[in-house]
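With the UniProt record's numbering applied, the sequence shown corresponds to residues 1 to 532, in that order.
Glycine included, every Cβ here is placed at the ideal spot set by N, Cα and C.
Source: prediction; values computed, not measured.
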Amino acid sequence: MEPSNEDHHYHLLAAAYSESESPFSADTQLKSDSKRQPTWPVLATGASDHPPEKLKATQPCLNKYALAGALLASTNSVLLGYDIGVMSGAALFIREDLNISTTQVEILVGSLNVCSLIGSLASGKTSDWIGRRYTIVLAAATFLIGALLMGLAPSFPFLIAGRVVAGIGVGYSLMIAPVYVAELSPALTRGFLSSLPEVFINGGILLGYISNYALSGMPQNINWRLMLGLAAFPAIAVALAVLAMPESPRWLVMKGRLDEAKQVLMRTSETKEEAELRLKEIAKAASSLLITSTPAAGTSLSSNWHGQGVWRELLLRPTRPIRRILIAAIGVNFFMQASGNDAVVYYSPEVFREAGIHNKKHLVGVTILMGIAKTSFVLVSALFLDRFGRRPLLLLGSIGMAISLAALGFGSKFLEFSGDKPDWAIGLCVVAVCSAASFFSIGLGPITWVYSSEIFPMRLRAQGSSLAIGVNRLVSGLVAMTFLSISREITFGGMFFALAGIMVVGTVFFYFFLPETKGKSLEEIGVLFEGE
1 MEPSNEDHHY HLLAAAYSES ESPFSADTQL KSDSKRQPTW PVLATGASDH PPEKLKATQP
61 CLNKYALAGA LLASTNSVLL GYDIGVMSGA ALFIREDLNI STTQVEILVG SLNVCSLIGS
121 LASGKTSDWI GRRYTIVLAA ATFLIGALLM GLAPSFPFLI AGRVVAGIGV GYSLMIAPVY
181 VAELSPALTR GFLSSLPEVF INGGILLGYI SNYALSGMPQ NINWRLMLGL AAFPAIAVAL
241 AVLAMPESPR WLVMKGRLDE AKQVLMRTSE TKEEAELRLK EIAKAASSLL ITSTPAAGTS
301 LSSNWHGQGV WRELLLRPTR PIRRILIAAI GVNFFMQASG NDAVVYYSPE VFREAGIHNK
361 KHLVGVTILM GIAKTSFVLV SALFLDRFGR RPLLLLGSIG MAISLAALGF GSKFLEFSGD
421 KPDWAIGLCV VAVCSAASFF SIGLGPITWV YSSEIFPMRL RAQGSSLAIG VNRLVSGLVA
481 MTFLSISREI TFGGMFFALA GIMVVGTVFF YFFLPETKGK SLEEIGVLFE GE
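Printed below as a string of C-alpha cells:
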C-alpha cells in the first residue's frame with residue numbers, strides 16, 4: 001500500500017467518519033500478526049453498543065443479504081457448467097449428424113475455452129469501468145446469443161461461430177462472479193460464498209448430463225440442437241436476476257461513492273460497527289485510487305478511475321509481493337486446467353467407450369454418476385472451506401486426484417492389452433473417473449476461484465484475476481483441443497499417467513507457494529505475501 005498523507009485518507013470518508021472515530025489504526029490492523037483473531041466476528045445484535053475490539057468472536061453465520069447476492073451472481077456459472085456437461089453427450093450426435101472428424105470435434109469442444117480467453121482478459125477492464133453487476137449481465141447476454149447460434153446451427157462453421165460467442169460470455173462470467181462475491185462477502189464466510197460459483201458450475205454440468213440422457217432418444221438432427229439451445233433459458237433468467245443485486249461495495253468506494261458503499265456494507269454486515277470498520281479498511285486501501293492531485297484543485301474524490309495503469313503495475317513494474325501474488329494466482333489456475341479435469345469431463349463418453357461401454361444411452365447415463373459425484377463433493381468442500389481453510393482441502397484434493405488418475409491410467413492400460421475387457425477393470429475406470437472428478441471438486445475446483453478472487457489488492461483485483469483466469473482458459477482450451485489427439489499417440493492410459501504426474505508437481509507447488517487466507521479480510525491478505 002502506498003503511503004499517503006493521513007488527512008487525505010480521512011478526507012475520503014468526508015462527513016461519515018473522522019480520524020478520532022477509528023477504534024484503531026488501519027495501518028496497525030493490516031500489519032498485525034497473521035495468527036490474530038478474525039477482524040470481524042459474527043455478533044449478536046445486542047453487542048452493538050460495545051467497541052469493536054472488545055467484542056468476542058463467535059461461530060460464523062451467514063448474512064442473508066450477502067448470501068442472496070452470492071447466489072444470484074453464482075447462477076451465471078450454471079451456463080459454463082451446462083455447456084461442459086451437455087457438450088460431452090452432444091458431441092457424440094454432432095459427429096454423426098454433421099459427419100465431422102475427431103480433429104473437428106476437438107476444435108468444436110476446445111474453441112469455447114480458447115475464446116473464453118478473450119472474455120476473461122477483457123472482463124477486468126470492463127468491470128472496473130461499468131461495475132461488477134453490469135459485467136455479469138453482459139456475460140449472460142453474450143452467452144445467450146451464443147446459445148441461440150449453436151441451437152440453430154445448420155452447419156459446422158455456424159456451430160463454431162456460436163461456440164466463439166458463447167466462449168466470450170463464459171470468459172466474462174468466470175472472472176466476474178468470484179470477484180463480485182469475494183468483494184461482497186464478510187471475511188468469516190467468504191470461503192463458502194466465493195466457492196458457490198464452482199457449486200453452480202457442477203450443478204450445471206449435472207443438468208447438462210441429465211439433458212443429454214433425456215434428449216438422446218430424439219432424432220439425431222434435432223437432439224443435439226435442443227441440448228445446446230436450451231442454455232438460452234438460464235441465460236435469460238440470470239440476466240434478469242442480476243438486476244436485483246447490489247453493486248460491489250469495494251467498486252463503489254473506488255468510484256468515490258461512499259454513501260452507496262456504506263449502505264451495502266450495512267446490509268452485508270452483522271452490526272453497524274462491523275460495517276463501519278469494513279468501510280474504513282476499504283477506503284484506506286483504496287485511497288491511492290480515490291485521491292487525485294491537480295495544481296489548481298489540490299485533493300478531491302475521484303469518480304474517473306477505470307483501472308488505468310493496472311497492467312503496467314502487474315506485468316512491467318511489479319513489486320515483490322505483487323510478483324508472489326501473480327505466481328500464486330497464475331500457478332493455481334494453470335494446474336486447475338493442466339490436471340485435465342475439463343477434458344476428462346468433455347470426453348468421458350470417449351473414455352468409457354474405450355473402456356468397453358458402447359451403448360450411447362449407457363455412455364450418457366454413466367456420466368450422470370460422475371455429475372452427481374462432482375456436485376456432492378463440491379458442496380462438502382464449500383461447507384468446510386471456512387472451517388479447515390484453503391490449503392488443507394487443496395492439498396487433499398490434488399493428492400487424491402494424482403492417485404485417482406494413476407488408477408485410471410492403470411485400468412486403461414490393462415484394458416488396452418486385455419482382449420476380454422473384464423468387468424473389474426471397466427469398474428475401476430468408472431470409479432477412478434468419478435474419484436478424480438470428486439477430488440477436483442474438493443480442492444482445485446472451488447479453491448481456484450476463491451483464491452484468485454481474494455489475494456490481489458483492491459486496485460489490481462479485477463484485472464489481476466482476469467489475467468490469471470485468462471491463463472486458466474488458455475490451458476483449458478489447449479488441453480481440450482489436444483486431448484484426443486495425444487491420447488491416440490500415447491493411449492488413454494499414458495495420458496492419465498501424465499496427468500497424474502502433473503498433479504504431483506501441482507501438489508508441491510501448492511505446498512510452497514500458497515499461504516492460508518482463511519478468516520482474513522481482503523485488505524489483510526496482501527500482508528501474507530510481504531514476508532520472506
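Under three-state DSSP, which class holds residue i?
i: Phe-456; result: coil
i: Leu-152; result: coil
i: Arg-257; result: coil
i: Tyr-347; result: coil
i: Pro-219; result: coil
i: Pro-51; result: Residue confidence for Pro-51 is low, a pLDDT of 40 falling below 50, so the modelled location carries little weight; the figure read from the coordinates is stated next. Coil, per DSSP.
i: Cys-61; result: coil
i: Pro-178; result: helix
i: Ala-231; result: coil
i: Lys-272; result: helix
i: Arg-250; result: helix
i: Leu-277; result: helix
i: Asp-342; result: helix
i: Arg-317; result: coil
i: Lys-284; result: helix
i: Asp-420; result: coil
i: Thr-367; result: helix
i: Gly-46; result: Because the pLDDT at Gly-46 is just 32, under 50, the model does not fix this residue reliably, and the value given afterwards should be weighed accordingly. Residue state, collapsed to three classes: helix.
i: Ile-357; result: coil
i: Lys-262; result: helix
i: Gly-519; result: coil
Count the other C-beta atoms from every protein chain shown that fall within 10 angstroms of the C-beta of residue i, then say buried if there are 16 or more, exposed otherwise.
i: Phe-513; result: exposed
i: Ala-140; result: buried
i: Ala-237; result: exposed
i: Arg-132; result: buried
i: Trp-424; result: exposed
i: Ser-248; result: buried
i: Glu-523; result: buried
i: Asp-83; result: buried
i: Phe-529; result: buried
i: Thr-103; result: exposed
i: Asp-259; result: exposed
i: Lys-520; result: buried
i: Ile-222; result: exposed
i: Ile-525; result: buried
Would residue i and residue j be called neighbours here (beta carbons separated by less than 9 angstroms)?
i: Phe-497; j: Leu-405; result: yes
i: Ser-398; j: Thr-507; result: yes
i: Ser-207; j: Gly-81; result: The amino acid occupying residue 207 in the given sequence is Leu; Ser does not appear at that position. Yes, the Cβ-Cβ distance between Leu-207 and Gly-81 is below 9 angstroms.
i: Val-199; j: Ala-68; result: no
i: Ser-194; j: Trp-449; result: yes
i: Phe-228; j: Gly-162; result: Checking the sequence, you will find Leu at residue 228 rather than Phe. In this structure, Gly-162 lies closer than 9 angstroms to Leu-228 by Cβ.
i: Gly-169; j: Phe-192; result: no
i: Arg-461; j: Val-179; result: yes
i: Gly-400; j: Gly-443; result: yes
i: Lys-413; j: Gly-494; result: yes
i: Gly-204; j: Gly-89; result: no
i: Pro-447; j: Val-332; result: One detail in the question is off: residue 447 reads as Ile in this sequence, not Pro. Yes, Cβ-Cβ distance for Ile-447 and Val-332 is below 9 angstroms.
i: Phe-510; j: Glu-416; result: no
i: residue 533; j: Met-254; result: Since the first and last residues shown for the chain are 1 and 532, residue 533 lies out of range.
i: Leu-79; j: Gly-119; result: no
i: Ala-500; j: Gly-409; result: yes
i: Asp-97; j: Trp-251; result: no
When you compare each of the options to residue i by their alpha carbons, which one comes out closest?
i: Pro-186; options: Glu-516, Gly-506, Glu-454, Glu-489; result: Glu-454
i: Leu-196; options: Gln-337, Phe-529, Leu-72; result: Leu-72
i: Met-218; options: Arg-488, Leu-467, Phe-93, Gly-494; result: Phe-93
i: Ile-322; options: Phe-456, Ile-107, Gly-331; result: Phe-456
i: Ser-74; options: Asn-221, Ala-239, Leu-117, Lys-125; result: Ala-239
i: Leu-148; options: Ser-348, Arg-190, Asp-342, Ala-235; result: Ala-235
i: Val-471; options: Pro-157, Ile-486, Ile-327, Val-137; result: Ile-327
i: Leu-314; options: Gln-463, Tyr-213, Val-527; result: Gln-463
i: Asn-341; options: Ala-70, Ser-116, Val-479; result: Val-479
i: Ser-376; options: Cys-434, Gly-427, Tyr-347; result: Cys-434
i: Lys-284; options: Ile-107, Ile-469, Met-458; result: Met-458
Would you give the residue range spanned by the alpha helix (DSSP H) that residue i belongs to?
i: Phe-410; result: 390-417
i: Phe-497; result: 461-513
i: Phe-529; result: Counting along the chain, Phe-529 falls outside any alpha helix (DSSP H), and DSSP gives it neither H nor E.
i: Met-245; result: Neither: Met-245 is in no alpha helix (DSSP H) and is coded neither H nor E.
i: Thr-75; result: It is not in any alpha helix (DSSP H) - Thr-75 carries neither H nor E in the DSSP assignment.
i: Leu-442; result: According to the sequence provided, residue 442 is Ile. The question's Leu does not apply to it. Taken as a continuous stretch (DSSP letters only), the alpha helix (DSSP H) holding Ile-442 covers 423-442.
i: Arg-190; result: 190-194
i: Gly-124; result: 102-130
Looking at the C-beta of residue i, does it have a partner C-beta in chain C at a distance below 9 angstroms?
i: Arg-488; result: Absent from the structure is chain C; it holds one protein chain and no more.
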